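K.L.:
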Amino acid sequence: MVSKKNANKLAIFCMASALVLSACSASDDSGNNGGNGSEANGANHQTAANGATNEAASDAPANAANEAPAVNAGKYETPIDFTIVGQSDPNLKFDEGQSYDKNSVYDAYAEELGINIKNKWIVDSKQYDDKVNLTVASGDLPDLMKVNATQLQQLVENDLVYDLTDVYDRYASENTKKFMTADGGAELNAAKFDGKLMAIPVTDSPYNSAQFLFVRKDWLTKLNLPEPTTMDNLLQVIEGFTKNDPDGNGKNDSYGIIAQKEIYNQAFSFAGLFNGYHAYPGAWVKDASGKLVYGSIQPEMKTALQALQEMYKAGEIDPEFFTKDHTKENELVANDQAGLAFGQFWTTSWPLPSAVVKDNKVTQEWEVYPIPSVDDQPAMTQIGMNSGNIIVGTGVNGYYVVSKESKHPEAAIKLLNKFIDVDTVFPTPETERFHKGKTSDAYWKLNPIIVMSQDAQARAGGQLPKAVEAKDPSMVADSVVGSAYYKDVEAYWGGNAGNWSSWMVAKPHGSLDIMNQYLTSNRFWFDSFAGAPTPTMASKKSVLDQKEQELYTKIITGKAPIGDFDKFVGEWSSLGGEQMTQEVNDWYAKQAK
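For the sequence shown, the positions run 1076 to 1668 when the working numbering is used.
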C-alpha cells in the first residue's frame, strides 16, 4: 500500500513514467539494463579478494541511527522477510522441486543470515524495465530492486529510495568496502547524489573495456617490419600488411587494419586508434579550463579521422567495412587477408579464435601490444563506466535500490557482504551452494545482489605472466583468476589448442600483463561524467549519436570531406549538444561540493 507521505511523490513520478518508459525502451544501453544477472559472467570468475568474512552474530535495530554501530552484523536472531523482484532466465534449469520462489540459494541466505527472500514478481528480461516502471508508479515497491540509471534518477528525485550512506558505513564489511572501491571509488560514486549513497552500484571491471593492439607477429617477422610501439611504426605496419603481400599468395588482397561497422564499439573498432591520437569519442573530457566537453567533437578527433581517411584511400581498410559486423570481418583474418586489429582483452577469446585455431592447431602467430601514441605522451586507454556512451564499457551495469519504506534496509548490505564473501574465494561446498544446483551451474543468477570484481583481471596481470614464464603455479595459488588461467595454459601446453585464447591473455606480454601495466602506470582514462542521463541526453543524444556515427564513417570512406567535421561540431551544439554540455557541467559542479 502507498503511504500518505509518498502519495504526492508517486503522482509526480507517474507523470514522468511515460518519459521513463520511452527512454528505457528506446535504449540500446546494456550498461543501463536493470534485470538481474543480465551482464554478469558467473560466480567465482572474479578475484581472490584479500580479507576474510568477519561477521558478528548480533544486530542493532534497523533504523537505530543514533545507537552504537553494528559493524559486519550477521544473522538475524528472528528471521525477516525481504522482498525482491527479478527476471527469468531460459538457461536456468532448476533441480527437482525447486523454482524461482523456492531454491537452494534462497535457503542458504535464510540459514546463514536469517533473511527469507520473497519474490514480488519475476518477468522475462525483455519486460523487466517496463515492469519496474509500473511497479514504481504503483507505489508497491519491494525492499530491493535493480534499476537502470534513468530509473534511479527518477526514484531519487521523488524521494522513494532509502539513503544508504549510514547503513553502508555501519554494515558493510571491510572486505566489501575494499571490493567496492578497487577502482578508486568511481563506480560507488556513480550511485551518490549530493554526496549521499542512494543505491548499490552493480559493479564490474571498467578495466576490461581497455583497448589493446593485436598483430600478426609472423607477418611482422616475414616483412621485417618494426613492432608497432609508436604511431609512426603502426602506420608503417598497416601499410606493409597492405602492400607487401604478407600471406605470400602473389595477390593484392590484404588489408592493414581490421574494422567493423560500429567504429567505436568493442573488438575490431577504431576506438584504440582514436585513443592513440588522444581522442575519446562518446565521452566527457576535462578541458584546460576545468570544464567538461564532449570528446567526439574535439580537435584530436578530427586529426584521427583524417588519418583514417588517408588509410582508406590507400586501400589499407576493407572498402566494405561499414557494412560488416565482427563475424564478417573475421573472415578476412581466417583467409589471411588481415592481421591487425584493436580490441578488448577478450578479443583473443572472440572473435579471433575461430579464424586462428583450426583442427586443434594454431595456424597464425599473434602478439599483443599496448596502444601506441601519436606523440611523446603515453596513450591513455579509454575505459567505460557508464555504457550510455558510444564506447561500450563494463563498469556500472545498473543499481540496486532499497525502498524508503523498507523495515530492514541493512539487509541489503548483509546480502552484499555475503555475496562478495562467497564469490571471491576458491570454491568450497559451503560457497558453491550460492552458485550451483545439483543439475545447473547457473544458480548464481538467483542471488538477490550480484556484483563483479572491478580489478580481478588487472591485478592478476601482475603475477600471472611471471608464473606462466616460470611454469610455477604456486605463484598464483592465492588468486582465483590467476589459478583458472594457469590451468588453461597448462592444457594449452599439453596440446589443447582450444586454450590459445587463455594463453594470449596469460602469457608474458599478453593482455593481462599489459592491462596491469596500464594500471600501474596510470594509463586508464575514465569518462568524467558518471551520472544518470540528463534530460537532454534522454531526448536528443541517440539522434546525435547516430548523426555522429554516420558522418564519421562517411569522412573515413571519403564520402564526406574532413571539413564536414567542423560543420558537425556546430550542428551538434545547436541540436542539443550545448544544452547537454551545460547539464553535464551542472552535475559535475555538484560532485565537487
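Beta carbons are placed, not taken as given, at the ideal position from N, Cα and C, and that holds for glycine. Quick caveat: nothing in here was measured; it's all calculated off a predicted structure.
Given that a residue counts as buried once 16 or more other Cβ atoms are within 10 Å of its Cβ, and exposed if not, what is E1623?
P.N.:
Looking at its Cβ environment, which holds 16 or more other Cβ atoms inside 10 Å, E1623 is buried.
K.L.:
Who are the near neighbours of M1255 in its chain, counting only those whose CB is closer than 7 Å to its CB and skipping five residues on each side?
P.N.:
Excluding residues within five positions, the ones whose Cβ falls inside 7 Å are L1263 and T1278.
K.L.:
For G1334, which option in D1307, F1417, N1319 and A1379 has the closest C-alpha, if you only look at C-alpha atoms?
P.N.:
Note on residue identity: the sequence assigns Ala, not Gly, to residue 1334. Minimum Cα distance to A1334 is reached at F1417.
K.L.:
Tell whether a beta-carbon distance below 9 Å holds between F1157 and N1178.
P.N.:
No.
K.L.:
So, with DSSP's three-state summary, where would you put A1363?
P.N.:
It is coil, neither helix nor strand.
K.L.:
If distances are taken between C-alpha atoms only, which option among A1545, G1270, V1471 and A1517 comes closest to M1527?
P.N.:
Selected option, being the one with the closest Cα: V1471.
K.L.:
So, for S1481: in the same chain, excluding its five sequence neighbours on each side, which residues have a beta-carbon less than 7 Å away from its beta-carbon?
P.N.:
Around S1481: D1218 and Y1237.
K.L.:
Using three-state DSSP, classify M1612 as helix, strand or coil.
P.N.:
Here M1612 sits in helix by DSSP.
K.L.:
Give, in chain order, every unbroken run of the alpha helix (DSSP H) that is at least 4 residues long and sits entirely within the stretch 1391-1464.
P.N.:
Correct list: 1401-1409 and 1428-1431.
K.L.:
Looking at the structure shown, is I1197 part of a helix, part of a strand, or coil, going by DSSP?
P.N.:
DSSP places I1197 in strand when its eight states are reduced to three.
K.L.:
Assuming the contact rule is C-beta atoms closer than 8 Å, Q1459 and P1281 should be a hit. Round their C-beta distance to whole Å, please.
P.N.:
In the sequence under discussion, the amino acid at residue 1459 is Gly, which differs from the Gln named in the question. Yes, they are in contact, since the Cβ atoms of G1459 and P1281 sit about 6 Å apart, within 8 Å.
K.L.:
Who pairs with K1221 in a beta bridge, going by DSSP?
P.N.:
Partner(s): Y1475.
K.L.:
Any idea which residues DSSP pairs T1158 with across the strands?
P.N.:
Its beta-bridge partners are K1193.
K.L.:
Going by DSSP in three states, P1144 sits in which element: helix, strand or coil?
P.N.:
Here P1144 scores only 38 on pLDDT, less than 50, and its place in the model is too uncertain to base an answer on.
K.L.:
Strictly by DSSP, which residues pair up with P1276?
P.N.:
Answer is Y1474, bridged to P1276.
K.L.:
Where does R1291 fall in DSSP's three states?
P.N.:
The answer is strand: DSSP assigns R1291 an E or B state.
K.L.:
How many Å lie between D1393 and Y1330 at the Cα?
P.N.:
Roughly 6 Å between the two C-alpha positions.
K.L.:
Hey, could you find the ends of the beta strand (DSSP E) W1519 is sitting in?
P.N.:
First-last for W1519: undefined, no H or E at that position.
K.L.:
Considering F1599, what are the terminal residues of the beta strand (DSSP E) in which it resides?
P.N.:
Per DSSP, F1599 belongs to the beta strand (DSSP E) from F1599 to F1601.
K.L.:
What residue from N1660, M1306 and L1295 has the CA that sits closest to G1315's CA?
P.N.:
For G1315, the nearest C-alpha among the options comes from L1295.
K.L.:
Classify W1568: buried if its beta carbon has 16 or more other beta carbons within 10 angstroms, exposed otherwise.
P.N.:
W1568 comes out exposed.
K.L.:
Could you tell me the alpha carbon to alpha carbon distance between A1183 and R1508, rounded to whole angstroms?
P.N.:
Going by the C-alpha atoms only, they are around 7 Å apart.
K.L.:
From this set, Y1203, Y1243, Q1621 and L1216, which residue's C-alpha is nearest D1234's C-alpha?
P.N.:
Answer by Cα proximity: L1216.
K.L.:
Please give the ranges of any alpha helix (DSSP H) in the stretch 1159-1188, keeping only runs that are unbroken, at least 4 residues long and fully inside the region.
P.N.:
DSSP runs (the alpha helix (DSSP H)) wholly in the stretch 1159-1188: 1179-1188.
K.L.:
Could you tell me the distance, in whole angstroms, from the CA atom of A1139 to the CA atom of I1338?
P.N.:
Note that A1139 scores 36 on pLDDT, short of 50, meaning its location in the model is unreliable and no value can be drawn from it.
K.L.:
Checking the sheet assignment: what are the DSSP bridge partners for K1267?
P.N.:
L1272.
K.L.:
Does I1637 get closer than 9 Å to chain D when you measure Cβ to Cβ?
P.N.:
The chain inventory of the structure shown lacks chain D, comprising one protein chain alone.
K.L.:
For A1542, count neighbouring C-beta atoms within 10 Å of its own C-beta (all shown protein chains included) and say buried if the count is 16 or more, exposed if not.
P.N.:
The residue in question, A1542, is buried, as its Cβ has 16 or more Cβ neighbours within 10 Å.
K.L.:
Between the Cα of D1451 and those of G1570, I1313 and T1304, spot the shortest distance and give me the residue it belongs to.
P.N.:
Checked all of G1570, I1313 and T1304; the closest Cα to D1451 is T1304.
K.L.:
Short check: CB of I1159 to CB of K1377, under 9 Å?
P.N.:
Cβ distance not < 9 Å, so I1159 and K1377 don't count as in contact.
K.L.:
Given a cut-off of 9 Å, decide if Y1355 and Q1457 are closer than it, judged by their beta-carbon atoms.
P.N.:
The answer is yes: Cβ separation under 9 Å.
K.L.:
Look at the Cβ atom of G1351, then the Cβ atom of V1449, and state whether they are nearer than 9 Å.
P.N.:
In this structure, V1449 lies closer than 9 Å to G1351 by Cβ.
K.L.:
Please report how far the alpha carbon of F1640 lies from the alpha carbon of M1386, in whole angstroms.
P.N.:
Computed Cα separation, rounded: 18 Å.
K.L.:
Out of T1595, T1514 and H1510, which one is the CA nearest neighbour of G1537?
P.N.:
Here the closest residue by C-alpha is T1595.
K.L.:
Report the three-state DSSP secondary structure of Y1369 (helix, strand or coil).
P.N.:
Note: Y1369 maps to strand in three-state DSSP.
K.L.:
For K1615 and V1360, what's the separation of their Cα atoms in angstroms?
P.N.:
For K1615 and V1360, the distance between alpha carbons rounds to 20 Å.
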